[in-house]
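Colleague: Have a look at this one.
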Amino acid sequence: MDYRDIADRIARDIEAGRLKAGDRLPPQRGFARAHRIAASTAARAYGELVRRGLAVGEVGRGTFVRAAPPPAEPALAEPADARVDLEFNTCVLPEQADLLAPALHDLVDRGFGEAMAPVGVRGTAPAREAAARTMTRGGWSPDPRRVVFTGNGRQAIAAAVAALVPVGGRLGVEAVTYPVVKAIATRLGVTLVPLPVDEAGVLPRAVRAGGVRAVYLQPVLHNPLGTTAPEHRRAELAEVVRELDVQVVEDAVYAFLGPGLPPLAPERTTVVDGLSKRLAPGLTLGFVVPPAELVDRVAAAARSGGWTAGRFALTAATTWMSDGTVESVVDRKRTLAAQRQHLARRHLAGFDVRSDPGAFHCWWRLPERWRAETFVAAAGRRGIAVTPAAAFAVVPGHAPNAVRLALASTPAEVLTRALDVLAALAHGHPEDEAVD
């Protein structure tokens with residue numbers, strides 16, 4: 002029997018309501034025995050259901066009928082429509098506009114001539130100096146001569162990947178990772194290789210076995226896990242990439258909130274960063290700092306991709322980075338992140354919630370009785386948007402039973418009420434939702 006015919010039959014059961022959202026499909030081997038088919042045929046049928054968006058596999062738990070159709074675009078691309086958005090991971094301070102306005106006033110007073118002039122991917126000398134100071138952390142200070150500018154952090158990632166991995170090449174990434182990387186890889190013709198992780202981060206043996214040209218990693222304040230790799234894991238990863246001659250793309254967009262650690266292996270690491278999290282999504286600039294021998298290649302990728310920063314944004318950002326404005330905003334955001342993490346720990350006490358104390362987000366491993374998609378749907382009915390682990394999974398249908406909560410974009414009193422609602426929901430049972 003063809004595996005697609007089997008998938009069609011299960012799909013009809015789902016459409017007719019004989020299989021409902023959240024129902025667990027039989028284990029593949031048991032299904033194969035019951036229908037007298039090969040285990041490989043059952044696996045392909047289940048894989049076809051996942052491909053069609055009718056089912057989702059959860060690591061260590063099995064395959065389930067989906068609670069809702071999969072999103073057409075990568076998650077987190079836009080703010081949610083829910084009343085309480087714990088999905089869009091950004092933060093704008095109430096007083097931030099007043100802190101940023103003086104630089105724009107000065108720019109207007111000087112006239113727009115400078116801001117309207119073209120600028121290349123290397124920016125200007127003052128901009129490179131300011132960006133290097135802004136990115137300095139953990140005793141590492143980038144050489145300003147190696148700074149390449151893009152319009153935002155996403156474009157910085159795209160330029161780095163395009164420069165380091167050819168079409169058809171393999172890029173290793175954490176098995177759960179920033180969703181936009183998946184879209185970037187697809188558009189560049191790059192194959193993503195999921196690298197298993199544990200509580201300390203990527204497993205070094207996975208890099209060794211992956212046969213990859215480069216790896217994209219978030220060792221400081223990982224998104225979505227919110228964790229920072231400890232020193233022993235950082236040392237192990239650095240040893241492996243040096244031994245295998247693997248290039249590293251280190252996404253440091255959240256590193257300003259973290260413990261101030263240098264890049265894993267600076268001599269072979271291309272650091273990507275930006276101002277979107279430090280300032281705001283609408284006021285941003287991307288930075289790429291590759292090893293000296295790769296600067297020209299990264300600059301060429303940024304130019305050919307059309308990812309060059311605008312002169313107005315570059316000029317304004319240079320002022321904000323040079324006059325202490327960015328540093329002032331960052332200090333306030335660090336305080337805010339710590340406060341929000343304290344709220345999450347207090348209101349979700351007793352649950353398996355993990356994160357770095359300085360992160361804007363946390364990772365919640367749900368109770369066994371809940372599936373992530375069912376929980377997300379139930380939260381949505383209460384006006385709260387949260388992100389399921391499936392949005393971050395590199396391999397469709399293979400995601401932990403978890404959700405990510407973005408903590409910094411809503412007022413404290415709103416966040417407090419939302420966390421209490423989510424805690425009460427998690428203490429309940431999915432079957433109660435079906436009755437409602």
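Every position in the sequence shown, counted from 1, becomes a number in the working numbering once 1 is added.
Glycine included, every Cβ here is placed at the ideal spot set by N, Cα and C.
Computed from a predicted model, the values in this text were never measured in an experiment.
#1: Between the C-alpha atoms of Ser323 and Gly58, what's the straight-line distance to the nearest angstrom?
#2: Quick test of the definition: if touching needs 3 or more C-beta pairs under 8 Å, does the region 144 to 151 touch the region 291 to 308?
#3: Select from Asp357, Arg5, Arg206 the residue whose C-alpha is nearest the C-alpha of Val51.
#4: In the DSSP output, what is Arg248 paired with across the bridge?
#5: Determine the extent of the alpha helix (DSSP H) in which Val331 is found, giving its start and end residues.
#6: Residues in the same chain with beta-carbon distance under 8 Å from Arg214, minus the five sequence neighbours each way, listed in chain order, please.
#7: DSSP has Arg25 in a bridge; who is on the other side?
#8: Which residues bound the alpha helix (DSSP H) around Phe1?
#9: Quick one: grab the DSSP three-state call for Gly154.
#10: Considering only their Cβ atoms, is the gap separating His430 from Arg370 smaller than 8 Å?
#11: Please determine whether the Cβ atom of Ala39 lies at a distance below 7 Å from any heavy atom of the ligand GDP.
#12: Report all residues from its chain with a CB closer than 6 Å to the CB of Asp9; omit the five preceding and five following residues, and keep chain order.
#13: Which of helix, strand or coil does DSSP assign to Pro71?
#14: Please state the DSSP three-state secondary structure of Pro389.
#15: Taking Glu130 as part of the alpha helix (DSSP H), name the residues at either end of that continuous run.
#16: From this set, Gly124, Ile158, Val162, Gln342, which residue's C-alpha is nearest Pro145's C-alpha?
#17: Below 8 Å, how does it come out for the region 272 to 286 and the region 185 to 202: are there three or more Cβ pairs, yes or no?
#18: Check for me: the beta strand (DSSP E) holding His362 runs from which residue to which?
#19: With distances taken from CA atoms, which of Asp332, Arg405, Leu337 is nearest Asp353?
#20: Can you find at least 3 beta carbon pairs, one from the region 231 to 244 and one from the region 252 to 260, that sit closer than 8 Å?
#21: Determine, using beta-carbon pairs with one atom in the region 361 to 369 and one in the region 217 to 226, whether at least three such pairs fall under 8 Å.
#22: From Glu414 to Ala386, what does the alpha carbon distance come to, in whole angstroms?
#23: Going by other Cβ atoms of all chains shown within 10 Å of its Cβ, with 16 needed for buried, is Met2 buried or exposed?
#24: With a threshold of 16 other CB atoms inside 10 Å of the CB of Arg37, please say whether the residue is buried or exposed.
#25: How long is the line joining the alpha carbons of Asp1 and Val221, rounded to whole angstroms?
#26: Check the C-beta distance from Leu416 over to Arg341 and give it rounded, since I have them as a contact under 8 Å.
#27: One question on the structure: do Asn153 and Ala407 come within less than 8 Å of each other, judged by their Cβ atoms?
#28: Do you know offhand how far Ala391's Cα is from Ala176's?
#29: Could you tell me the boundaries of the beta strand (DSSP E) in which Glu59 lies?
#30: When the Cα of His399 is compared with those of Glu374, Val290, Ser41, Arg188, which residue comes out closest?
#31: Grouping DSSP H, G and I as helix and E and B as strand, with all else coil, what is Ala373?
#32: Where does Val395 land, buried or exposed, given buried means 16+ other C-beta within 10 angstroms?
#33: For Ala350, is the classification buried or exposed, using 16 other Cβ atoms within 10 angstroms of its Cβ as the cut-off for buried?
#34: Where in the region 160 to 201 do unbroken runs of the alpha helix (DSSP H), each at least 4 residues long, occur, reported from the N-terminal end onward?
Modeller: In this structure, then:
#1: Along the sequence shown, read from residue 1 onward, the residue named residue 323 stands at position 322. Along the sequence shown, read from residue 1 onward, the residue named residue 58 stands at position 57. The alpha-carbon atoms of Ser323 and Gly58 are separated by roughly 49 Å.
#2: Counting Cβ pairs under 8 Å, three or more are found: they touch.
#3: The count along the sequence shown starts at 1 and reaches residue 51 at position 50. The shortest Cα separation from Val51 among Asp357, Arg5, Arg206 belongs to Arg5.
#4: Your numbering for residue 248 matches position 247 in the sequence shown. The residue asked about is misnamed: residue 248 is Gln in this sequence, not Arg. DSSP lists Ala215 as the beta-bridge partner residues of Gln248.
#5: Within the sequence shown, numbered from 1, the residue matching residue 331 stands at position 330. Val331 -> alpha helix (DSSP H) spans 326 to 348.
#6: Residue numbering aside, residue 214 sits at position 213 when the sequence shown is read from its first letter. Take Arg214, set aside five residues on each side of it, and the residues of its chain with a beta-carbon closer than 8 Å to its own are Leu165, Val166, Pro167, Gly170, Arg171, Leu172, Val247, Gln248, in chain order.
#7: Mapped onto the sequence shown, residue 25 falls at position 24. The secondary-structure analysis by DSSP pairs Arg25 across a beta bridge with Phe65.
#8: Nothing about residue 1 can be read from this structure; the chain reaches only from 2 to 437.
#9: For the purposes of this step, residue 154 is taken as residue 153 along the sequence shown, with counting starting at 1. Correct three-state label for Gly154: helix.
#10: Mapped onto the sequence shown, residue 370 falls at position 369. Mapped onto the sequence shown, residue 430 falls at position 429. Yes. Within cutoff.
#11: This structure lacks the ligand GDP, and indeed carries no ligand of any kind.
#12: On the sequence shown, position 8 is the one that residue 9 refers to. Correct list: empty, nothing qualifies.
#13: Within the sequence shown, residue 71 is the residue found at index 70, counting from 1. Its pLDDT being 49, under 50, Pro71 is placed unreliably by the model, and the measurement read from it follows with that caveat. Note: Pro71 maps to coil in three-state DSSP.
#14: Here residue 389 corresponds to residue number 388 of the sequence shown, with the count starting at 1. Of the three classes helix, strand and coil, the one that applies to Pro389 here is strand, per DSSP.
#15: Working through the sequence shown from its first residue, we reach residue 130 at position 129. Counting along the chain, Glu130 sits inside the alpha helix (DSSP H) bounded by residues 126 to 136.
#16: Within the sequence shown, residue 145 is the residue found at index 144, counting from 1. Looking at the Cα atoms, Gly124 is the closest of the given residues.
#17: Cβ pair count under 8 Å is below three, so no.
#18: In the sequence shown, residue 362 corresponds to position 361, counting from 1. His362 -> beta strand (DSSP E) spans 362 to 366.
#19: Locating residue 353 in the sequence shown gives position 352, where the first residue counts as 1. Out of Asp332, Arg405, Leu337, Arg405 has the C-alpha closest to the C-alpha of Asp353.
#20: With a cut-off of 8 Å, the region 252 to 260 and the region 231 to 244 do not count as touching, because too few Cβ pairs lie within range.
#21: With a cut-off of 8 Å, the region 217 to 226 and the region 361 to 369 count as touching, because enough Cβ pairs lie within range.
#22: If you number the sequence shown from 1, residue 414 lands on position 413. If you number the sequence shown from 1, residue 386 lands on position 385. Glu414 and Ala386 have their C-alpha atoms spaced approximately 16 Å apart.
#23: On the sequence shown, residue 2 is found 1 positions in, with the first residue counted as 1. When all chains shown are included, Met2 counts as exposed.
#24: The residue given as residue 37 occupies position 36 in the sequence shown. Arg37 comes out exposed.
#25: The displayed coordinates of the chain run from 2 to 437. Any statement about residue 1 would go beyond what the structure contains.
#26: One-based indexing of the sequence shown puts residue 416 at position 415. One-based indexing of the sequence shown puts residue 341 at position 340. The C-beta distance from Leu416 to Arg341 rounds to 7 Å, short enough to fall under 8 Å.
#27: Taking the sequence shown and counting its residues from 1, one reaches residue 153 at position 152. Taking the sequence shown and counting its residues from 1, one reaches residue 407 at position 406. Taking 8 Å as the Cβ cut-off, Asn153 and Ala407 do not qualify as a contacting pair.
#28: Your numbering for residue 391 matches position 390 in the sequence shown. Your numbering for residue 176 matches position 175 in the sequence shown. Looking at the two C-alpha atoms, the distance is approximately 11 Å.
#29: Taking the first residue of the sequence shown as position 1, residue 59 is located at position 58. Start and end: 56 to 59.
#30: Locating residue 399 in the sequence shown gives position 398, counting from the first residue. Selected option, being the one with the closest Cα: Glu374.
#31: Residue 373 sits at position 372 when you count from the first residue of the sequence shown. DSSP, read as helix, strand or coil, puts Ala373 in helix.
#32: Here residue 395 is taken as the residue at index 394 of the sequence shown, counted from 1. By the neighbour-count criterion, in which a residue is buried when 16 or more other Cβ atoms sit within 10 angstroms of its Cβ, Val395 is buried.
#33: Here the question's residue 350 lines up with position 349 in the sequence shown. Exposed, because fewer than 16 other Cβ atoms sit within 10 Å of the Cβ of Ala350.
#34: Here the runs fully enclosed are 180 to 189.
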